[in-house]
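Presented below is the structure to which this report refers.
Numbering (the working numbering), first residue to last: 2 to 374.
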């Protein structure tokens with residue numbers, strides 16, 4: 002029996018789902034991060050192999066003679082089709098590097114695309130929409146628009162963002178954390194010209210962030226943010242000074258990207274539990290920048306009075322399903338901020354959905370497409 006495999010390769014984790022020809026979920030696997038741009042090919046393949054193997058182990062008996070599931074024997078194929086949505090895959094060159102070794106690993110040539118393609122799978126489930134936008138707001142951030150082809154596949158129309166934490170990732174966890182620190186520092190800068198006895202920079206967001214890093218002064222955050230990444234290994238024949246490790250603050254053992262992205266839950270707690278004005282301003286800022294990107298993909302609902310034609314690849318929100326994915330937009334009130342801002346700008350979407358199980362949804366969609374052919 003051949004199965005249908007879908008793997009969601011994200012910046013925080015890898016999720017695999019395997020279904021039969023009728024779309025019934027048979028097995029699942031969870032693994033570590035698998036952003037291709039961050040890991041490179043060898044580490045990506047290692048994460049993929051471990052996750053798919055875990056999914057196979059969840060419903061199949063162990064192979065004989067202590068053999069591994071992957072790659073499968075040529076005369077006993079495991080998969081009829083495979084679909085990989087991979088964060089950090091943004092070019093034909095990247096896909097070309099991935100496909101050959103993954104084909105060898107799985108025994109079938111996979112469809113490989115950016116992970117936003119998995120989010121757009123619900124497009125085929127509704128007759129009242131003609132386009133979809135996959136909106137990722139989790140570890141990173143990206144928005145991509147699609148139309149469905151006659152064969153049931155997805156045609157990518159446009160994409161904005163997904164540049165990684167150094168260059169962008171607006172709306173993602175790193176962006177939220179960086180914006181929080183910037184807002185806290187800006188408040189302190191503005192207060193510096195006010196007499197000390199008249200300053201009021203109280204904020205539960207500031208308190209939460211300072212406590213998180215174990216510092217007392219706002220400007221110590223500059224050291225926290227810029228402290229070099231920890232060395233992964235000591236040089237051969239040397240040992241780290243145990244006194245140095247013991248005395249070093251905890252944040253020095255965390256890579257810089259994670260120091261900032263780890264602040265996102267604190268920002269959400271300060272905004273939605275404490276109702277902290279500064280935290281709410283941070284999230285309004287990150288929301289606006291994410292919606293800026295969505296608006297690049299959208300055209301006005303009405304035709305231009307002067308007859309100007311909009312680019313054919315732009316879509317109307319009223320004909321679109323907005324498919325959210327990622328931990329941040331899994332928070333209902335933050336998701337609603339995005340939807341409200343779209344309405345305010347004249348882009349009310351016809352439908353929206355939060356795709357919590359991108360791998361499972363993608364695997365079922367893959368089986369349905371092959372069944373209809």
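Glycine is no exception: its CB is placed at the ideal position from the N, C-alpha and C atoms.
Nothing here was measured: the structure is a model prediction, and the numbers come from that model.
One or two residues paired with residue i in a DSSP bridge
i           : result
residue 138 : 142
residue 310 : None; residue 310 has no bridge partner.
residue 155 : 149
residue 326 : 137
residue 30  : 17
residue 9   : 16, 86
Counted within 10 angstroms of its Cβ, other Cβ atoms place residue i as buried (16 or more) or exposed
i           : result
residue 5   : buried
residue 177 : buried
residue 372 : exposed
residue 41  : exposed
residue 311 : exposed
residue 203 : exposed
Contacts around residue i, its chain only, beta-carbon distance under 8 Å, and the 5 residues preceding and following it disregarded
i           : result
residue 230 : 256, 257
residue 46  : 102, 103, 106
residue 267 : 181, 206, 209, 210, 213
residue 154 : 370
residue 127 : 322, 352
Whole-angstrom distance between residue j and residue i, CA atom to CA atom
i           : j           : result
residue 28  : residue 70  : 14 Å
residue 57  : residue 76  : 18 Å
residue 19  : residue 138 : 25 Å
residue 270 : residue 209 : 9 Å
residue 277 : residue 308 : 46 Å
residue 172 : residue 87  : 19 Å
residue 24  : residue 113 : 20 Å
residue 274 : residue 301 : 36 Å
residue 110 : residue 50  : 15 Å
residue 226 : residue 11  : 24 Å
residue 313 : residue 343 : 21 Å
residue 190 : residue 305 : 44 Å
residue 200 : residue 222 : 20 Å
Beta-carbon contacts of residue i that lie in its chain and below 7 Å, excluding the five residues immediately before and after
i          : result
residue 91 : 115, 163
Nonlocal neighbours in the same chain, by C-beta distance under 6 Å from residue i, ignoring five residues either side
i           : result
residue 84  : 7, 112, 363, 367
residue 261 : 175, 178, 179
residue 354 : 123, 324
Short CB-CB distance (under 7 Å) between residue i and chain D
i           : result
residue 361 : Any reference to chain D falls outside this structure, which holds one protein chain only.
| What residue ranges within the segment 87-119 form continuous alpha helix (DSSP H) runs of no fewer than 4 residues, ordered along the chain? | 93-107
| said: What ranges does the alpha helix (DSSP H) occupy inside the segment 197-223, keeping only unbroken runs of at least 4 residues that lie completely in it? | reply: 205-214
| query | What residue ranges within the segment 274-311 form continuous beta strand (DSSP E) runs of no fewer than 3 residues, ordered along the chain? | reply | none
| Length at least 4, wholly inside the segment 319-367: the alpha helix (DSSP H) runs in chain order | 333-345
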